[in-house]
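Notes for the one structure printed next.
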Amino acid sequence: MDAVIKQKMPASSYLDKPVTDRPTQEEVEAAVRTLLRWTGDNPDREGLIDTPKRVAKAYREMFNGHDMCPAEELGRTFEEVAGYDDLVVIRDIQFHSHCEHHMVPIIGKAHVGYLPDGKVVGLSKIARVVDIFAHRLQTQESMTAQIANVIQDVLNPRGVAVLIEAEHMCMAMRGIRKQGSTTLTSTFTGTFSDNVEEQIRFMTMARGGLAR
Numbered sequence: 012m013d014a015v016i017k018q019k020m021p022a023s024s025y026l027d028k029p030v031t032d033r034p035t036q037e038e039v040e041a042a043v044r045t046l047l048r049w050t051g052d053n054p055d056r057e058g059l060i061d062t063p064k065r066v067a068k069a070y071r072e073m074f075n076g077h078d079m080c081p082a083e084e085l086g087r088t089f090e091e092v093a094g095y096d097d098l099v100v101i102r103d104i105q106f107h108s109h110c111e112h113h114m115v116p117i118i119g120k121a122h123v124g125y126l127p128d129g130k131v132v133g134l135s136k137i138a139r140v141v142d143i144f145a146h147r148l149q150t151q152e153s154m155t156a157q158i159a160n161v162i163q164d165v166l167n168p169r170g171v172a173v174l175i176e177a178e179h180m181c182m183a184m185r186g187i188r189k190q191g192s193t194t195l196t197s198t199f200t201g202t203f204s205d206n207v208e209e210q211i212r213f214m215t216m217a218r219g220g221l222a223r
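Residue numbers for the sequence shown follow our numbering, so the first one is 12 and each next one is one higher.
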């Protein structure tokens with residue numbers, strides 16, 4: 012089952028760093044011990060002794076997007092493109108994020124396209140931007156718009172299109188417990204906003220509609 016959401020862009024916030032006063036390592040480990048007790052388990056048993064330390068380390072890795080500026084990833088561009096000015100699409104960028112409501116995983120893939128205006132950016136940089144936003148507490152709608160915003164603001168192309176397909180573990184693991192449900196979100200800027208044909212062309216390429 013697919014849910015489709017067409018997201019309007021909010022004001023740019025890609026430079027924000029929401030967390031500025033992190034607790035100490037000791038405070039984090041104590042909090043994890045409290046959560047372990049909340050589950051009904053014993054944090055002092057052998058299998059859980061080092062779990063607080065491991066969780067703290069894992070969180071540093073999974074949420075390191077709060078320490079990075081995606082705009083910096085797009086700083087280096089290339090103008091020697093032999094006059095190429097047509098659609099560039101990077102498809103199937105796999106990512107893992109975490110829902111800001113329940114802090115459980117969002118697993119999906121992003122498709123990003125843009126219409127260059129005299130310059131292009133390295134393809135890996137687009138994937139890096141996706142990863143930076145994914146490595147924050149997120150909603151899929153916000154993440155979709157953030158990716159489009161930063162590419163539009165930094166590269167200033169003629170338009171940006173972003174499509175994200177993801178499964179939310181907050182639906183699969185708790186509450187309604189519906190496995191396999193996929194949510195689709197999209198954002199269009201510039202030429203894509205006004206040109207339905209360009210939207211269709213991007214969607215066709217992103218969803219694998221071209222002959223391989």
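Using N, Cα and C, we set each Cβ at its ideal position, and we do this for glycine too.
Secondary structure of residue i, DSSP reduced to three states
{"i": "S204", "result": "helix"}
{"i": "K189", "result": "coil"}
{"i": "F6", "result": "One cannot answer for residue 6 here, as it falls past the ends of the chain, which runs 12 to 223."}
{"i": "Q18", "result": "With a pLDDT of 41 at Q18, under the threshold of 50, the modelled position of that residue is not reliable, and no figure is offered here."}
{"i": "A93", "result": "coil"}
{"i": "T62", "result": "helix"}
{"i": "R139", "result": "helix"}
{"i": "L98", "result": "coil"}
From the options, residue whose alpha carbon lies closest to that of residue i
{"i": "T155", "options": "E83, E84, T198, V207", "result": "T198"}
{"i": "D32", "options": "R44, H77, H112", "result": "H77"}
{"i": "S153", "options": "V131, K64, I117", "result": "I117"}
{"i": "K130", "options": "L59, I143, V165", "result": "V165"}
{"i": "F74", "options": "G201, P127, A145", "result": "A145"}
Inter-residue spacing [alpha-carbon to alpha-carbon] between residue i and residue j
{"i": "A121", "j": "G86", "result": "21 Å"}
{"i": "P168", "j": "E83", "result": "17 Å"}
{"i": "A177", "j": "M216", "result": "18 Å"}
{"i": "V66", "j": "Q149", "result": "19 Å"}
{"i": "R147", "j": "E91", "result": "34 Å"}
{"i": "H112", "j": "R71", "result": "19 Å"}
{"i": "S204", "j": "Q157", "result": "16 Å"}
{"i": "K189", "j": "H107", "result": "19 Å"}
{"i": "P54", "j": "M184", "result": "23 Å"}
Beta-carbon spacing of residue i, residue j below 7 Å
{"i": "I2", "j": "A138", "result": "No answer is possible for residue 2: the residues shown for the chain start at 12 and end at 223."}
{"i": "G119", "j": "I175", "result": "yes"}
{"i": "G170", "j": "T200", "result": "yes"}
{"i": "L46", "j": "L59", "result": "no"}
{"i": "L126", "j": "T202", "result": "yes"}
For residue i, the first and last residue of its enclosing beta strand (DSSP E)
{"i": "Y125", "result": "116-126"}
Endpoints, the alpha helix (DSSP H) within which residue i is located
{"i": "E37", "result": "36-49"}
{"i": "E111", "result": "Note, E111: premise wrong, no alpha helix (DSSP H); not H, not E."}
{"i": "E84", "result": "81-84"}
{"i": "L280", "result": "The requested residue 280 is not part of the displayed model; the chain covers only 12 to 223."}
{"i": "N167", "result": "Taken as a continuous stretch (DSSP letters only), N167 belongs to no alpha helix (DSSP H), as it is neither H nor E."}
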